[in-house]
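>
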Amino acid sequence: MKLLRLIEFLRRHLKTVIRMCLAMLALLVLVDAIPFFVDKHHAHTKAEHIPGFWAAFGFAGCVLIILFSKAFGHAGIVNREDYYDE
Amino acid sequence: MSDFPAVVGALTSDAQTLASGFWLHPALILLVGALLLPLVPARLRPGWLLLVPLLTFARIFAMTKGTFGEVHFLQFTLVFGRVDALSTVFAYIMGLMCLLGSLYGMHVQRAVEHMAAWIYVAGSLGAIFAGDLVTLFLFWELMALSSVFLIWFRGRSESLGAGYRYLLVHMAGGVALLAGIMLHYHATGSMAFAAFDVKHPTTATYLIMIGFILNAAVPPLHAWLPDAYAEATFNGSVFLCAFTTKTAVYALCRGFAGMEILVVLGVIMALYGVVYAVLENDSRRLLAYHIVSQVGYMVAGVGLGTELAINGACAHAFAHILYKGLLFMGCGSVLHMTGKSKFTDLGGLYQKMPWTFVFTLIGGLSISAFPLFSGFVSKSMIVQAGFDDHKLWAAFGLMLASAGTFLHTGLKVPYFIWFGKNHCSKETWGRAAEPPWNMVAAMAITAVLCIFIGCYTPYLYRMLPHPVQFEPYTSYHVSETLQILLFTGLGFFLLLKKLEPEARISLDLDWPYRIGGRAFLWLAQKPIQFIDNGVGEIYRVGGLLPLMISARLSAAFDNRIVDGAVDGFAATFRQVGSRLRGAQRGALQESLTLAFGIAAVLILIFVLTF
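Listed in order, the protein sequences are those of chains A and B. So in my numbering, the last spot in the first sequence is 95, and the numbers never skip. So in my numbering, the last spot in the second sequence is 784, and the numbers never skip.
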């Protein structure tokens with residue numbers, strides 16, 4: 010099971026994996042700021058010209074979705090599992 | 175199952191008229207294949223299960239464009255085979271998915287399960303090639319009537335209830351569709367299924383649209399979908415997730431391109447599914463909510479109605495059928511092997527089912543529209559069409575939904591099933607293993623297709639109804655997508671605690687009819703009990719007074735005879751009550767078939783007299 014060994018290898022070096030992921034995120038925003046790499050000619054709004062706009066959008070969106078949904082759920086939508094049982 | 179012969183009988187007579195026109199309808203291959211399946215010896219059955227879908231797919235592939243299978247019926251023409259660019263792309267992917275789904279469920283022994291699935295696919299193909307509204311309606315209902323068996327065959331008491339609710343909701347949609355068709359015919363004198371006048375919609379147009387969007391699971395008419403798809407058999411859901419909603423998307427593309435209200439509904443849908451997915455504990459229900467979300471993109475695309483948007487809706491339907499099928503195959507494998515689908519019963523399974531994990535992850539990356547995966551080349555067309563149409567709110571709303579999509583399907587599902595905290599019971603852990611070879615093969619092929627579509631765009635783009643001048647792989651678009659998705663990933667891991675699964679359910683808009691049904695039962699029971707008690711009370715009061723004034727004799731009479739009568743009376747009532755309760759469920763299938771027969775006769779009378 011080579012696949013399993015690969016997964017376990019990555020899990021053993023979780024710290025390194027996380028560090029590499031964070032480095033990738035930083036690199037992504039950096040590349041986005043360089044016009045030579047990313048041509049923002051086709052951007053639809055002014056805000057999109059800010060470097061890392063979509064990174065902020067993605068992160069804020071994710072947090073917003075989680076917090077809103079949780080609040081929505083606690084407003085009476087989430088119920089015990091046997092709610093519909095007679 | 176009593177409605178099976180009726181449906182099949184009606185279809186074989188259709189089939190005969192078709193065959194005489196020398197145009198072989200692909201649905202006919204599936205129907206005949208389904209009817210012959212029980213006669214095929216068990217040894218040859220796997221071959222048959224691949225041969226029939228393969229022939230169907232080959233037939234679709236070899237089709238020439240044009241109008242075929244015209245049958246003159248009373249004063250109008252039924253068109254069974256309208257083959258054009260729009261119907262071909264949908265039929266192609268339906269045929270392909272039927273093949274993959276049949277391979278996935280090949281080891282299932284019960285022939286009726288395969289028969290139900292194939293008749294369901296035949297209904298979808300029939301609706302897609304239908305050139306008139308009567309034919310569309312017939313095949314539309316065939317889909318609902320056959321697909322419900324894929325839910326019932328799971329055999330749990332919950333699946334029985336979910337199946338009935340599914341059927342009732344679809345019957346209601348069918349009635350709206352039928353009423354719309356009749357009004358439309360009365361107003362225009364035409365039964366042709368073409369684009370409706372979306373700028374000046376009439377009651378007829380709205381009714382037909384309601385029939386369509388109910389099948390597309392547009393809120394507030396969507397609750398049947400997560401209810402039913404989470405309860406179906408492990409391979410039934412693989413079929414269900416592809417055909418009903420995407421046939422509805424086809425019908426919307428054909429009839430309602432440019433209908434403004436669909437943009438609003440589509441964006442609401444895309445976000446609605448995401449919100450419910452956060453709260454969901456059952457993996458297959460979560461995937462079902464993401465069908466609602468993804469079909470939202472397509473509905474919004476239909477509402478935008480430009481060539482790019484319609485291309486986007488078709489491309490996204492195509493890609494969606496594959497990656498959603500793959501996701502349901504992955505979670506279906508977990509269900510099939512462990513018997514569990516809830517996150518609170520699973521976790522840590524990467525040690526036991528690593529390949530299933532990889533395939534599900536590929537499905538997750540495809541639905542999240544990662545570059546090089548299929549969703550990337552289709553979803554972006556719709557968002558771009560939104561920006562081009564200066565509907566910024568729609569485009570940004572859909573972008574937000576795509577962050578949510580990755581959050582759940584790309585991260586939450588794989589993480590909490592294959593990693594995360596191990597909630598498996600000893601039994602679950604013992605049972606967990608990679609599924610049978612045919613399931614693995616189906617997943618592997620689907621995964622390869624998802625990546626192929628994402629990498630080689632002309633394959634999909636050449637099939638679309640309008641010429642494509644769209645390039646998804648621009649530096650800006652790739653950078654934009656990667657930023658959104660990867661920073662969503664960051665948010666996921668930072669807020670992981672908040673996303674821990676809980677053994678709870680969330681109420682949705684099926685609440686009114688689930689509780690409403692109970693209110694009906696209450697009404698049926700309580701008044702009877704009330705009368706029962708009332709009668710008892712009268713006798714008791716009436717019995718007490720004579721007791722005080724008269725002799726023992728009358729008391730004995732009261733005790734033995736009157737009370738006996740009351741008790742007997744009450745017992746009879748209770749018996750009748752419980753019979754009624756049973757009858758309400760048991761006879762429903764027959765009543766529905768009867769209702770349909772009557773509806774069909776009514777259309778005929780209507781058409782003849784007007």
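Here a beta-carbon is modelled for each residue, glycine too, at the ideal position from N, C-alpha and C.
Quick one: list the residues of chain B neighbouring A:LYS24, beta-carbon separation under 7 Å, in chain order.
Those do not exist, as A:LYS24 stays about 14 Å from chain B at its closest Cβ, beyond 7 Å.
> Hey, which unbroken runs of the alpha helix (DSSP H) at 4 residues or more fall wholly within the stretch 308-375 of chain B?
Runs of the alpha helix (DSSP H) inside the stretch 308-375 of chain B: 331-362.
> Just to confirm, is the Cβ distance from B:LYS420 to B:GLY486 under 9 Å?
No.
> Per DSSP, what kind of secondary structure is B:VAL282 in: helix, strand or coil?
If DSSP states are grouped into helix, strand and coil, B:VAL282 belongs with coil.
> Between the C-alpha atoms of B:VAL652 and B:ALA493, what's the straight-line distance to the nearest angstrom?
Distance between the alpha carbons of B:VAL652 and B:ALA493: 18 Å.
> Could you check what DSSP says for B:ARG256 in three-state terms: helix, strand or coil?
Three-state DSSP puts B:ARG256 in a strand.
> What ranges does the alpha helix (DSSP H) occupy inside the stretch 584-608 of chain B, keeping only unbroken runs of at least 4 residues that lie completely in it?
The qualifying runs are 587-592 and 600-605.
> Indicate whether at least one CB of chain B lies closer than 9 Å to the CB of A:LYS55.
A:LYS55 does not count as touching chain B.
> According to DSSP, B:PHE516 sits in a beta bridge with which residue or residues?
Inspection of the sequence shows that residue 516 of chain B is occupied by Lys rather than by Phe. Answer is B:ASP456.
> Could you name the residues of the same chain whose beta carbon sits closer than 7 Å to that of B:LEU623, not counting the 5 residues immediately before and after it, in chain order?
The residues are LEU496.
> Count the other CB atoms, across all protein chains shown, that sit within 10 Å of the CB of B:GLU405; report buried if there are 16 or more and exposed otherwise.
Flag for B:GLU405 reads buried.
> In chain B, what lies closer than 8 Å to A:ILE75 by C-beta?
Under the 8 Å cutoff, chain B gives VAL452, LEU581, GLY665, LEU669, LYS672 and LEU673.
> What are the residues that DSSP puts in a beta bridge with B:THR251?
B:THR251 pairs with B:HIS246.
> Please go through the stretch 362-437 of chain B and give each complete beta strand (DSSP E) segment of 3 or more residues, from N-terminal end onward.
As far as the stretch 362-437 of chain B is concerned, it has no whole beta strand (DSSP E) run of at least 3 residues.
> Can you give me the C-alpha to C-alpha distance between B:VAL614 and B:SER276, rounded to a whole angstrom?
Rounded to whole angstroms, B:VAL614 to B:SER276 spans 13 Å at the Cα level.
> Determine the DSSP secondary structure at B:SER680, reduced to helix, strand or coil.
B:SER680 falls in the strand class under three-state DSSP.
> Any beta-carbon of chain A closer than 9 Å to the one on B:TYR650?
Yes, because at least one Cβ of chain A sits closer than 9 Å to the Cβ of B:TYR650.
> Based on DSSP bridge pairs, tell me the residues matched to B:VAL226.
For B:VAL226, which the question treats as bridged, DSSP gives no partner whatsoever.
> Keeping to the same chain, check which residues put their C-beta closer than 8 Å to that of B:ASP306; ignore five residues upstream and five downstream.
Once the five neighbours on either side are set aside, the close Cβ partners of B:ASP306 are PHE250, THR251, LEU252, VAL253, MET365, ALA366 and PHE367.
> If distances are taken between C-alpha atoms only, which option among B:PHE502, B:LEU523 and B:ALA698 comes closest to B:CYS598?
Of the listed residues, the one whose Cα sits closest to B:CYS598 is B:LEU523.
> Under 9 Å, Cβ to Cβ, is there at least one residue of chain B near A:ALA52?
Interface residue, yes.
> At least one CB of chain A closer than 9 Å to the CB of B:LEU754: is that the case?
Interpretation of B:LEU754 is limited by its pLDDT of 44, a score under 50 that renders its predicted location unreliable; no figure is taken from the coordinates.
> Per DSSP, B:THR241 is paired with what?
Answer by DSSP bridge pairing, in chain order: B:ARG256.
> Quick one: does A:ARG28 have its CB under 9 Å from some CB of chain B?
No, no contact with chain B.
> Going by CA-CA distance only, name the one from B:LEU341, B:SER261, B:ILE705 and B:TRP567 that's closest to B:LEU310.
Nearest option by C-alpha distance: B:SER261.
> Anything in chain B within Cβ reach of A:TRP89, meaning under 9 Å, just list it in chain order.
Per the sequence shown, residue 89 of chain A should be read as Arg rather than Trp. Residues of chain B passing the Cβ test: ALA677, ARG678 and ILE679.
> Look at B:GLY279 and B:ASN389 and say whether their C-beta atoms are less than 9 Å apart.
For B:GLY279 and B:ASN389, no; Cβs fall outside 9 Å.
> Kindly list, in the order they appear in chain B, the residues whose Cβ is closer than 7 Å to that of A:ALA64.
Within chain B, the residues near A:ALA64 are GLN657 and PHE661.
> Going by the beta-carbon positions, is the gap between B:TYR471 and B:ALA431 smaller than 9 Å?
Not a contact, by the Cβ cut-off of 9 Å.
> Thinking C-alpha only, which one of B:LEU395, B:ILE234, B:PHE370 and B:GLU454 is nearest A:ILE6?
For residue 6 of chain A there is no data in the structure shown, the boundaries of chain A being 10 and 95.
> Could you give the uninterrupted runs of the alpha helix (DSSP H) lying entirely in the stretch 192-219 of chain B, keeping only those of 4 residues or more?
Counting only runs of 4 or more, we get 200-210.
> What does DSSP give as the partner residues of A:ARG89 in its beta bridges?
Paired residues: B:ARG678.
> Could you tell me which chain B residues have their CB closer than 8 Å to the CB of A:LEU19, listed as they occur along the chain?
None at all; the shortest Cβ gap to chain B is about 10 Å.
> Can you find at least 3 beta carbon pairs, one from the stretch 587-605 of chain B and one from the stretch 508-515 of chain B, that sit closer than 8 Å?
Yes: at least three Cβ pairs fall under 8 Å.
> When Cβ atoms are compared, which residues of the stretch 461-474 of chain B fall closer than 9 Å to chain A?
Answer in chain order: no residues at all.
> Using 8 Å as the cut-off, can you tell me whether the stretch 578-595 of chain B makes contact with the stretch 450-464 of chain B, which would need three or more C-beta pairs spanning the two stretches below that distance?
Segments in contact, yes.
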